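Engineer: Numbering follows the UniProt record's numbering, in which position 118 of the sequence shown is assigned residue number 118; successive positions increment by one, without gaps. Just so you know, even glycine gets a beta-carbon here, dropped at the ideal spot from N, CA and C. Predicted model, so just to flag it, every value in this text is computed and none were measured.
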Amino acid sequence: MPHDARVAIRQPALSPRMRRVLISVVLAAVCAVWIYPLLWMISASLKDNAAIFANEGLIPGQPTFENYVRAWKEANIGSYFFNTVFVTVGSVLLVTIASSMMGYVLGRRRFVGRGLIFALIAFTIFVPQGYTIIPIFDLLTRIGLGQSLWGVMLATCGGSFVIFVLLFAGYFSQIPNELEEAAKMDGVSFVKTFWYVMLPLARPIVVTVVVMQTLYAWNDFLLPLVVTLANPSIRTLSVGVYAFRGENFIDWGGMTAASTISILPVVILFLFLQRYFIDGLAGAVKG
């Protein structure tokens, strides 16, 4: 072997400590890029429009909460906030109950047409939301829920429903049959077995569905925009924030303050439930 080649082989690689430092630096840089828009939004919410366009940096020179007060009182963000809470809580309850029941039947029972139902559910995942808005709006109008908060809530329920059914079906299919058989021998009905035995076991998936549906319902824009077009009083936060944009002017201070108000609840919820959320996803993958 040539002498130069032996020297090249003997060159020491990066030590484990240096690798960790290098990985940490790269991850910190990616994290900084990822959260910069969030930091900019919070910073801009504490400035007036002149200071925002002066590009004075992330730290406000003279921070003010005027944008928050104006957004909450004058721009009706307070009303939009409670509309969003109503839509989110209602859709989370409906979606969690309906998807868990459907997932339980599909995951635990064998019947004719089960494969076809799975195929139809999987097919609907690939249908873009925009293609279904007109049929949904027409359906809500026909049943008398057009231009109402109940209509917005029902429309929001369909967003991620099929994915949740698959999550529950996969998780329930892995639970041993002995549990169901023991409940049956004790005279427990099918419905009670689901509510009192199987559903508590699926708590990680329930938490995952609650978090995902909350994020979807809270941040959804297109469906609430279409359903509330003729009734601005029932707008949700995401649609209300868009109202800060006029034809020839954008109120960046008010928009960033309203955006900050809108994301705080979901961020707090995710931080509080993140461990259960990750456990639920891990359980679903195993299923």
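1) Looking at the structure shown, is I205 part of a helix, part of a strand, or coil, going by DSSP?
2) Taking 9 Å as the CB-CB cut-off, is Y196 touching chain C?
3) Tell me the DSSP secondary structure of R245 in three-state form.
4) Tell me the rounded alpha-carbon separation between M198 and Y216.
5) Just the C-alpha distance for K47 and G78, rounded to the nearest angstrom, thanks.
6) Between A155 and L223, which are expected to be in contact by the criterion C-beta below 8 Å, what is the C-beta distance as a whole number of angstroms?
7) Whole angstroms is fine: what's the gap from residue 291's alpha carbon to K192's?
8) Just curious, the alpha helix (DSSP H) that W40 is in, first and last residue?
9) Where does I143 sit, in a helix, a strand or coil, going by DSSP?
10) Which residues in the same chain as I52 place their Cβ atom closer than 7 Å to its Cβ, once the five residues preceding and following it in sequence are excluded?
11) Counting Cβ pairs, one atom from each stretch, are 3 or more of them under 8 Å apart for the segment 162-170 and the segment 106-121?
12) Assign G187 to buried or exposed, taking buried as 16 or more other Cβ atoms, counted over all protein chains shown, within 10 Å of its Cβ.
13) Could you give the C-beta distance for N76 and I234, rounded to a whole number, given that I count them as a contact under 8 Å?
14) Could you tell me the alpha carbon to alpha carbon distance between L140 and W150, rounded to whole angstroms?
15) Can you tell me the Cα-Cα spacing of A182 and V21, whole angstroms?
16) Straight-line CA distance for Q274 to L93?
17) Which same chain residues end up closer than 6 Å to A258 when comparing Cβ atoms and leaving out the 5 residues on each side of it in sequence?
18) Going by other Cβ atoms of all chains shown within 10 Å of its Cβ, with 16 needed for buried, is L166 buried or exposed?
19) At the level of alpha carbons, what is the spacing between F221 and L179?
Structural biologist: The structure says:
1) helix
2) Annotation note: the requested chain C is absent from the structure, which comprises a single protein chain.
3) strand
4) 26 Å
5) 21 Å
6) 5 Å
7) Because residue 291 is not part of the residues shown, which for the chain are 1 to 287, the question remains open.
8) 16-45
9) coil
10) A44, W252, G253
11) yes
12) exposed
13) About 11 Å separates the two Cβ atoms, so there is no contact after all.
14) 9 Å
15) 54 Å
16) 19 Å
17) A71, I77, V241
18) buried
19) 43 Å
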